[in-house]
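Residue numbers (full-length UniProt numbering): 1 to 127. For glycine and all other residues, C-beta sits at the position ideal for the given N, C-alpha and C. Okay, structure first, notes after.
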Amino acid sequence: ALKDAKDEDEPIEKSDIRGSRKASDPDTETTLPSSNPNYNADTNANAYARHWERLLRAEQQERAEQAKQRRSDWSPRRLQDTGYDIRNALAMCDTELLGDKMVKVLVPGYSHMDEEEMQPRSRRKGK
């Protein structure tokens, strides 16, 4: 079982797994987590969720910083050609997902947007 992490930002180390077989001791008997009296499924599930949530939030933050950098460095034409800038569009908050606002983008002249039509100019067929 994973030791209870006091700090959510504390990384989960391989050494935090109790009852795991050490590579240096091949004769050590391993037991299934459910047969271990110290096993707590809720603690393990929470630690697992916190671990992946931290990774996903870090990735989201990195992508947001990259997008911000592109917006400040790239020309308007380059932003349009790569799909970072859509002219004459209307954006409205549609709903929330896991506490984050989800935005619906409407472009005049399109009732239902084909995947091909929504791709950046540089990726469209024939262009």
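Beta-bridge pairing of residue i - partner residues as DSSP gives them
i	result
residue 97	100
residue 105	91
Status (buried if at least 16 other CB within 10 Å, exposed otherwise) for residue i
i	result
residue 67	exposed
residue 91	exposed
Inter-residue Cα distance where the pair is residue i and residue j
i	j	result
residue 129	residue 75	The requested residue 129 does not occur in the structure, where the chain is confined to residues 1 to 127.
residue 48	residue 55	11 Å
residue 86	residue 70	15 Å
residue 36	residue 58	33 Å
residue 45	residue 77	47 Å
residue 150	residue 42	Lying before the first or after the last residue shown, residue 150 is absent from the chain, which here runs from 1 to 127.
residue 89	residue 109	10 Å
residue 132	residue 53	Residue 132 is absent from the model: the chain starts at 1 and stops at 127.
residue 80	residue 65	19 Å
Beta-carbon proximity check, residue i vs residue j, cutoff 8 Å
i	j	result
residue 103	residue 94	yes
Continuous alpha helix (DSSP H) stretch holding residue i: start and end
i	result
residue 48	41-73
residue 81	76-81
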